[in-house]
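Below: one structure, written as structure tokens.
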Amino acid sequence: MKETLERADNDVIRSRPNGRQWMFVKKLMRCRFQLVDIRAVVLCVVLYTGFVSIATASTPIPNPVSYFHAPIGSVWHYQGTLHEREVQLISTNVFTNSATAVKTMQKDGQRVIVFIETNPGNTGETESSYHVGNEGVIYHGSQPQQLFEQQLIPYPVVKFPLVEQHTFRQFDVKDRNFFQDLDGDGMNERVDAFAEVTVGSLETLSVPAGTFQNVLRLNGKMEFAVTMSSDGEVIVARDQLTSWFVRGVGLIKYIETIDVPVAGGVTMRTTVVTEELEEYRIAAPSLGPQISPPTLVQPVLNLPVTK
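Reading the sequence shown from the start, the letters are residues 63 to 369 in this note's numbering.
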């Protein structure tokens with residue numbers, strides 16, 4: 063676009079005379095690596111297109127479902143930081159986020175686990191649903207939900223088996239309705255979207271909750287190419303996410319970097335979000351649903367450090 067873009071507030075980049083609502087783009091990208099302790103695999107938007115192996119054959123990681131362990135009533139408490147910059151640092155925010163496995167229910171013909179997060183990535187409360195099975199983890203949507211997402215769910219966000227250095231494609235779609243009029247001409251923009259996850263090696267990692275061994279690292283990346291209906295300009299936003307998971311515990315850390323162009327694409331706005339597990343309580347398995355999430359006032363257990 064030829065107009066001069068200027069930042070209207072912390073999340074929305076506006077152009078004269080109309081607004082390009084990049085908060086929407088950032089929220090889509092922040093669905094990130096949401097798995098079963100609610101924060102898990104990268105990016106919750108679009109169709110799964112198949113498993114793509116790009117490495118030589120090796121032994122699958124045993125019992126992969128155990129890395130996404132989430133008995134109903136379990137609670138994870140994270141401490142986080144969010145840095146935003148355009149050329150130089152704009153702001154730094156410290157925040158907390160708690161995730162709770164609230165209940166199970168039937169949705170779209172599958173039994174799903176419902177999670178509530180109080181403040182993922184410093185963006186406010188979110189409720190999400192996932193099915194975890196032998197084939198992988200299936201995402202069934204969240205609240206609040208974007209229209210772009212509603213036309214696509216349910217779809218897989220991670221696929222088993224997990225093999226070190228192998229990559230699986232989450233989605234690769236072309237010319238989809240973005241359900242947002244970013245350039246203010248009365249027409250929704252079109253978008254090409256792509257995301258994949260590469261399985262890393264098992265490693266040792268320390269976070270405030272303790273030091274853990276045999277930690278699973280997953281490296282995700284996503285790209286949105288949004289075509290403006292007014293003049294055909296293509297604006298590309300990128301997301302990179304590294305997440306670490308522990309068997310029987312779930313997510314213990316993630317680092318996400320989101321790059322969104324501003325000022326007509328001349329400047330890049332970069333947001334870096336980090337969350338680390340501070341404390342947690344894994345509930346005993348139960349066959350019955352639990353509607354009310356437990357509070358962190360209850361005793362919280364830390365996994366003993368493995369030597």
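Built from N, CA and C at the ideal position, the CB exists for glycine as well.
Whole-angstrom C-beta distance between residue j and residue i, which should lie under 8 Å
| i | j | result |
| --- | --- | --- |
| Thr-333 | Ile-317 | With a Cβ gap of about 12 Å, Thr-333 and Ile-317 do not count as contacting. |
| Ala-271 | Glu-341 | 6 Å |
| Gly-183 | Leu-144 | 7 Å |
| Ala-299 | Gly-135 | Not quite, the Cβ-Cβ distance comes to about 37 Å (not below 8 Å), so this is no contact. |
| Val-277 | Glu-338 | With a Cβ gap of about 12 Å, Val-277 and Glu-338 do not count as contacting. |
Between the CA atoms of residue j and residue i - distance to the nearest angstrom
| i | j | result |
| --- | --- | --- |
| Val-322 | Ala-257 | 16 Å |
| Gly-282 | Asp-301 | 8 Å |
| Val-127 | Gly-203 | 20 Å |
| Lys-165 | Gln-212 | 22 Å |
| Phe-156 | Val-235 | It is worth fixing the name first, because residue 156 is Val in this sequence and not Phe. Cα to Cα, Val-156 sits roughly 35 Å from Val-235. |
| Glu-187 | Tyr-140 | 14 Å |
| Gln-168 | Met-330 | 42 Å |
| Thr-260 | His-228 | 6 Å |
| Val-335 | Asn-159 | 12 Å |
| Arg-121 | Gln-232 | Correcting the residue type first, residue 121 is Thr in the shown sequence and not Arg. Spanning the two alpha carbons is a distance of roughly 22 Å. |
| Val-137 | Asp-293 | 48 Å |
| Glu-295 | Asp-254 | 13 Å |
| Ile-152 | Val-324 | 14 Å |
| Thr-154 | Ala-132 | 31 Å |
| Gln-150 | Ile-297 | 22 Å |
| Phe-274 | Glu-148 | 35 Å |
| Ile-215 | Leu-267 | 33 Å |
| Tyr-217 | Tyr-201 | 6 Å |
| Gln-205 | Phe-177 | 10 Å |
| Leu-303 | Pro-347 | 30 Å |
| Lys-221 | Met-284 | 17 Å |
| Gln-242 | Thr-185 | 19 Å |
| Arg-343 | Gly-142 | 19 Å |
| Asn-125 | Asn-181 | 30 Å |
| Glu-226 | Phe-130 | 17 Å |
| Glu-265 | Phe-230 | 20 Å |
| Val-311 | Glu-146 | 30 Å |
| Val-219 | Gln-207 | 17 Å |
| Glu-189 | Phe-240 | 22 Å |
Residue i - partner residues in DSSP beta bridges
| i | result |
| --- | --- |
| Phe-233 | Ala-257 |
| Leu-224 | Answer is none; Leu-224 lacks a bridge partner. |
| Phe-241 | Answer is none; Phe-241 lacks a bridge partner. |
| Ala-299 | Phe-286 |
| Ser-268 | Thr-273 |
| Tyr-140 | Asn-159, Leu-339 |
| Leu-214 | Looking at the DSSP assignment, Leu-214 forms no beta bridge with any residue, so it has no partner. |
| Asn-181 | BP columns for Asn-181 are empty, so no partner. |
| Phe-130 | DSSP output for Phe-130 lists no bridge partner at all. |
| Val-311 | Answer by DSSP bridge pairing: none, since Val-311 is not bridged. |
| Ile-175 | Thr-166, Tyr-192 |
| Leu-209 | Beta-bridge pairing links Leu-209 to no other residue. |
| Gly-198 | Gly-195, Lys-221 |
| Ser-204 | Ser-190 |
| Met-249 | Answer by DSSP bridge pairing: none, since Met-249 is not bridged. |
Contact check, residue i vs residue j, beta carbons under 8 Å
| i | j | result |
| --- | --- | --- |
| Ile-123 | Leu-224 | yes |
| Ser-191 | Glu-251 | no |
| Ile-263 | Arg-279 | Residue identity check: residue 263 is Ser in the sequence provided, not Ile. Contact: yes. |
| Ala-163 | Glu-179 | no |
CB contact check: residue i to chain C, cutoff 8 Å
| i | result |
| --- | --- |
| Ala-345 | The question asks about chain C, but that chain is absent: this structure has only one protein chain. |
Are the stretch 164-172 and the stretch 302-315 touching by the rule of at least three beta carbon pairs closer than 8 Å?
A contact between stretches requires three or more CB pairs, one per stretch, nearer than 8 Å, and the stretch 164-172 fails this requirement with the stretch 302-315.
Does the stretch 189-207 come into contact with the stretch 240-249, if we say contact requires no fewer than three beta-carbon pairs (one atom in each stretch) closer than 8 Å?
no
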